[in-house]
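Enquirer: In our numbering, the protein residues as written are 326 to 397.
The beta-carbon is built from N, C-alpha and C at its ideal position, and this holds for glycine as well.
These numbers come from a predicted model, not from an experiment.
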């Protein structure tokens with residue numbers, strides 16, 4: 326049976342992600358530039374799984390995520 330890596334952002338991290346995406350999209354529309362797509366980085370360790378989003382030239386921490394191996 327095949328396995329999949331499932332990554333879920335916490336509700337707080339999801340809310341922050343959606344807020345930042347909205348702000349970024351609005352800023353790009355006001356500047357009449359082609360919209361960019363969100364870039365997300367997940368740092369996984371034995372103790373925590375942190376999620377970051379690139380905003381401009383900086384990585385902004387969104388919060389935590391849950392990582393699970395599931396059977397498909």
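For residue 337, does the three-state DSSP call read helix, strand or coil?
Expert: As a position in the chain shown, residue 337 is number 12, starting the count at 1. Reduced to three states, the DSSP call for residue 337 is helix.
Enquirer: Once you ignore the five residues that flank residue 390 on each side, which residues in its own chain have a CB closer than 7 Å to its CB?
Expert: For the purposes of this step, residue 390 is identified with residue 65 of the chain shown, where counting begins at 1. So the list reads 332, 333, 334, 335, 338, 367, 374 and 376, once near-sequence residues are dropped.
Enquirer: In this structure, what does DSSP give as the bridge partners for residue 377?
Expert: As a working note, residue 377 is residue 52 in the chain shown. According to DSSP, which records beta bridges pairwise, residue 377 is partnered with 366 and 386.
Enquirer: Looking at residue 365 and residue 378, is the spacing between their C-beta atoms short of 8 Å?
Expert: Numbered from 1 along the chain shown, position 53 holds the residue referred to as residue 378. Numbered from 1 along the chain shown, position 40 holds the residue referred to as residue 365. In contact: residue 378 and residue 365 (Cβ atoms closer than 8 Å).
Enquirer: Can you check which of these residues, 354, 353 and 342, is closest to residue 384 by C-alpha distance?
Expert: Position 59 of the chain shown, counted from the first residue, corresponds to residue 384. Considering only alpha carbons, the answer is 342.
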